[in-house]
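Residue numbering for the sequence shown follows this note's numbering, beginning at 1172 and increasing consecutively. A virtual CB, placed ideally from N, CA and C, is assigned to each residue, including glycine. Note that the structure is a prediction, hence the values are computed from the model and not measured. Presented below is the structure to which this report refers.
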Amino acid sequence: MIDPRAIIDPSAKLAEDVSVGPWSIIGPGVEIGPGTTVESHVIIKGPTRIGKNNHIFQFSSVGEATPDLKYKGEDTRLVIGDNNIIREGVTIHRGTVQDRSETTIGNDNLIMAYVHVGHDSVIGNHCILVNNAALAGHVHVGDWAILGGYTLVHQFCSIGEHCFTGMGSAIGKDVPAYVMVTGSPAAAKSINSEGLRRRGFSKEEIAVINKCFKLVYRRGLTVDEALHELRQLAVNCEPVNLLIESLQASTRGIVR
């Protein structure tokens, strides 16, 4: 399973069935779980922990130190969960002590070619990052979010659960849960109704979430005023609470 042309540091811990292709380099402090495939010409540096059944494609750089000028070689890490697909040329950097000391990627994500995941970022579960999407440091991406090709996300921004960003979106503020944005700078267009339908949300729930979107974005209310009305809607529609939580957690203001 380990090609003889691969270079594996003696201290790296690989499960017995891990596959490593030719000319890949796996450094010290790396742990890789069972069922994971590392194709040729991949570089993985530690401290990095990779779970089970991941597939990392050629020319990816995983667990490299951040270029952040504040980073002075401290012991930081990258943690990747299970069942992720990391396509060609992806770059993922470890964390910094100025934040969490950790970059985290959850489970069941598709990270497509040439995506960049900056230091201290957190990606949830079931996300899709399309080709050339780039996350600056400290970005949080919620479960089931889809970032279109060439999406750019500014430092410390949060992308809420079930969001969708159009191709070439430039995001400088937080995107609340369920919202679809596009443009440079990005602007909110609607809810991600098709994504919600595919994930099993009922017609009634989608209708209420759409009503919430109009309340936040079409009525001219402040966020606090919108939150007051959203809490009333949440009584009869549990998914509204996710939108409320994302609005309350916003630190950069929301994309308008």
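- Following the DSSP letters along the chain, one finds Arg1368 inside the alpha helix (DSSP H) bounded by residues 1364-1369.
- It is roughly 36 Å from the alpha-carbon of Glu1187 to the alpha-carbon of Gly1319.
- For Val1301, the CB contacts under 7 Å within the same chain, skipping 5 residues up- and downstream, are Met1283, Leu1318, Gly1319, Gly1320 in chain order.
- A distance below 6 Å between beta-carbons, with the five flanking residues on each side excluded, links Ile1299 to the following residues of its chain, in chain order: Leu1281, Ile1317.
- Annotated as proximal: Val1213 and Ser1231, with beta-carbon spacing under 7 Å.
- Between Asn1254 and Gly1391, the alpha-carbon positions lie close to 43 Å from each other.
- Ile1179 sits away from Ile1203, with the two beta carbons spaced by 7 Å or more.
- Residue environment for Arg1258: buried (at least 16 other C-beta atoms within 10 angstroms of its C-beta).
- Of the candidates Phe1228, Thr1393, His1264, Asn1224, the residue whose Cα lies closest to the Cα of Asn1278 is Asn1224.
- Secondary structure of Ser1421 (DSSP, three-state): coil.
- In the DSSP annotation of this structure, the continuous segment of the alpha helix (DSSP H) that includes His1399 starts and ends at 1394-1405.
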